[in-house]
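Taking my numbering, the leading residue of the sequence shown gets 21, the next gets one more, and so forth.
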Amino acid sequence: MKLTQTLEDAFNAQISLELHASMVYRQLAIEMELKDLPGMAAWLRHQADEEIVHANKFIDHVADRDNHPRIGALSAPEVTATTVLEVFQAALAHEQKVSASIRSLYRLAESEGDLDSRPLLNWFLEEQIEEEATVSEIVGRVELINEDGPGLLRLDDELGQRPTATTEAK
21 MKLTQTLEDA FNAQISLELH ASMVYRQLAI EMELKDLPGM AAWLRHQADE EIVHANKFID
81 HVADRDNHPR IGALSAPEVT ATTVLEVFQA ALAHEQKVSA SIRSLYRLAE SEGDLDSRPL
141 LNWFLEEQIE EEATVSEIVG RVELINEDGP GLLRLDDELG QRPTATTEAK
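The following block contains the structure:
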């Protein structure tokens, strides 16, 4: 079943948001690299790659529905974070923005009677709960560390242990 034009536009906006999220995470990774925190930088780069996976899932869904996926205009991320705490607070704020967008997309699909989008959107709703919880936990731990050097280095090492993955949709 083909998406309505309204839904196609909304899905395409979500594709662009996911790609923008990838750029935000890439910039945040750069900020951590400049602070000589390679584990945090690697974790953030992995998040950037995961956002591309998310964009690919939306692209595949739109194409599979015989619609035309389109990437909208992407602007450079405005990242002003200078501390570890600010970096992860920025990451959390962006995850919350993506979550709100997915909930809006879900509500739109429901109002349009589009049952075929439910499995994908349900997956994303669950994914965003996990994403927000993970970044929120990191924020909490950084707040506990309070710029303590050994604590930051330990967290940096821990976050650097995250396994890498592909950017292809699963």
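The C-beta atom is built at its ideal place from N, Cα and C for all residues, glycine as well.
What first and last residue would you give for the alpha helix (DSSP H) that runs through residue 69?
The residue given as residue 69 occupies position 49 in the sequence shown. From DSSP, the alpha helix (DSSP H) with residue 69 extends over 58 to 84.
Backbone CA spacing between residue 169 and residue 140 [nearest angstrom]
Taking the first residue of the sequence shown as 1, we reach residue 169 at position 149. Taking the first residue of the sequence shown as 1, we reach residue 140 at position 120. Rounded to whole angstroms, residue 169 to residue 140 spans 42 Å at the Cα level.
Taking the C-alpha atoms as reference points, what is the distance between residue 61 and residue 134?
Counting from 1 along the sequence shown, the entry for residue 61 is found at position 41. Counting from 1 along the sequence shown, the entry for residue 134 is found at position 114. Between residue 61 and residue 134, the C-alpha separation is close to 39 Å.
Taking the straight line between their C-alpha atoms, what separation do you get for residue 164 and residue 127?
Position 144 of the sequence shown, counting from 1, holds the residue named residue 164. Position 107 of the sequence shown, counting from 1, holds the residue named residue 127. Residue 164 and residue 127: Cα-Cα distance of roughly 37 Å.
Starting from residue 154, follow the alpha helix (DSSP H) in both directions and report where the run begins and ends.
In the sequence shown, counting from the first residue as 1, residue 154 sits at position 134. From DSSP, the alpha helix (DSSP H) with residue 154 extends over 138 to 165.
Whole-angstrom distance between residue 91 and residue 85, CA atom to CA atom:
What you label residue 85 is simply residue 65 of the sequence shown in a count that begins at 1. What you label residue 91 is simply residue 71 of the sequence shown in a count that begins at 1. Each residue's Cα considered, the two are about 17 Å apart.
Note down the Cα distance separating residue 75 from residue 28, rounded to an integer number of angstroms.
Looking up residue 75 in the sequence shown gives position 55. Looking up residue 28 in the sequence shown gives position 8. Going by the C-alpha atoms only, they are around 14 Å apart.
Assuming residue 87 is part of the alpha helix (DSSP H), what are its boundary residues?
Residue numbering aside, residue 87 sits at position 67 when the sequence shown is read from its first letter. Looking at the DSSP string, residue 87 is not in any alpha helix (DSSP H), and its letter there is neither H nor E.
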